[in-house]
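Presented below is the structure to which this report refers.
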Amino acid sequence: MHDALKPPHHIAVIMDGNGRWARARGLPRGLGHRAGAQAVRRIVEACCDVGVRVLTLYAFSWENRDRPAAEIRELMGLLEEFIRRETPTLLANQVRLRTIGRMEELSADVVASLRRVEAQTAQGARMTLALALGYGGRQEIVDAARRLAERARQGLLRPEQIDEAMFAQQLYAPDLPDPDLLIRTSGEQRLSNFLLWQSSYTELYVTPKLWPDFTKEDLLDAIAEYERRERRFGRVTAQA
Ligand code: FPP
């Protein structure tokens, strides 16, 4: 049914609902995150299969830092486990791992593991998997503004030279294209501080499915819906 789909170049995902998934089963939240990590594996593989070139996952938000310490430890443990287990698969499938966010918010061990896998997979040309960690869209914009202000202070730049293109160059991964499609699971219709600059013209797709239940078929449904929409970037089309 989805055979002829032309996938979006870049899909971004707000993976929401791990806690609700666990609660519905009378399980601790940690097991919801563990099931969420399985879904990450599934969706990375599915995106690779259908030819998505960039997948950005909101794995640990700036706001998530306010969660109880035990839950943060669990999330970081799952992240380390994911890196350890999946690195061979990423290498075998030519997937490049990247990170975006204020990485200094993570423990030095986790950052070191991530940097190692980023270096190991740097040649991966089939797909880029960008993990947003310690990430906030407003914080990213503030960081970009600080860098430009610093260059202006040093006399390397005049404020009137700053335009959208120059600003975008200061974001965490300036070489990645803006997302074409942003998927949010578990029903909430919010951006929650994710890719605020980059999502200006992104198609939004919200599904009631909880993240641990999200399957390849759900991904294909989202892509099919994206294909049905007409993307005009605020312009009037020839037919209008
Ligand atoms: C939201 O569920 C999800 C997160 C806090 C981040 C996503 C984390 C994972 C999928 C686990 C591991 C990640 C990797 C990359 C291996 P929630 O707790 O906010 O759910 P709720 O809103 O139902 O409480």
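The numbering used here puts the first residue of the sequence shown at 1162, with every later residue one more than the last.
No residue lacks a Cβ here, since even glycine has one placed at the ideal position from N, Cα and C.
Determine the direct distance from the alpha carbon of residue j to that of residue i, and round the result to whole angstroms.
| i | j | result |
| --- | --- | --- |
| Q1322 | R1396 | 26 Å |
| I1302 | L1332 | 7 Å |
| Q1350 | A1383 | 15 Å |
| L1188 | W1223 | 26 Å |
| I1175 | I1344 | 6 Å |
| P1320 | P1335 | 20 Å |
| D1374 | A1310 | 44 Å |
| D1304 | A1329 | 11 Å |
| I1204 | R1312 | 40 Å |
| D1379 | R1307 | 40 Å |
| W1358 | G1298 | 7 Å |
| F1355 | T1217 | 10 Å |
| W1372 | T1289 | 21 Å |
| P1169 | Y1362 | 13 Å |
| K1405 | H1194 | With the chain covering only 1162 through 1401, there is no way to say anything about residue 1405. |
| A1173 | L1342 | 6 Å |
| E1388 | Y1366 | 12 Å |
| A1326 | S1360 | 15 Å |
| P1369 | Q1315 | 50 Å |
| D1221 | A1293 | One point to set straight first is that residue 1221 is Phe, not Asp, in the sequence displayed. The straight-line gap from Cα to Cα measures roughly 6 Å. |
| A1385 | E1206 | 18 Å |
| E1242 | K1377 | 22 Å |
Any heavy atom of ligand 1 within a distance shorter than 7 Å of the CB on residue i?
| i | result |
| --- | --- |
| V1201 | yes |
| A1230 | no |
| F1221 | yes |
| D1227 | no |
| R1186 | no |
| H1194 | yes |
| N1354 | no |
| D1270 | no |
| W1358 | no |
| F1243 | yes |
| N1408 | Limits of the chain in this structure are 1162 at one end and 1401 at the other, which puts residue 1408 out of reach. |
| D1177 | yes |
| S1347 | yes |
| L1240 | yes |
| L1415 | Residue 1415 is absent from the structure shown; the chain starts at 1162 and stops at 1401. |
| R1351 | no |
| L1251 | no |
| L1236 | yes |
| R1181 | yes |
| L1402 | Since the first residue shown for the chain is 1162 and the last is 1401, residue 1402 is missing from the structure and cannot be characterised. |
Name the DSSP bridge partner or partners of residue i?
| i | result |
| --- | --- |
| L1292 | L1218 and T1260 |
| H1171 | V1215 |
| R1345 | I1175 and V1367 |
Notebook entry, point to check: With a cut-off of 8 Å, do at least 3 Cβ pairs link the stretch 1181-1188 to the stretch 1257-1267?
Noted result: no
Note to self: Closer than 8 Å is the cut-off here; do at least three beta carbon pairs connect the stretch 1186-1202 with the stretch 1278-1286?
What the structure shows: No, because fewer than three Cβ pairs between the stretch 1186-1202 and the stretch 1278-1286 fall closer than 8 Å, the two stretches do not touch.
Notebook entry, point to check: Looking at C-beta atoms only, is the number of pairs between the stretch 1234-1241 and the stretch 1207-1225 that lie closer than 8 Å three or more?
Noted result: yes
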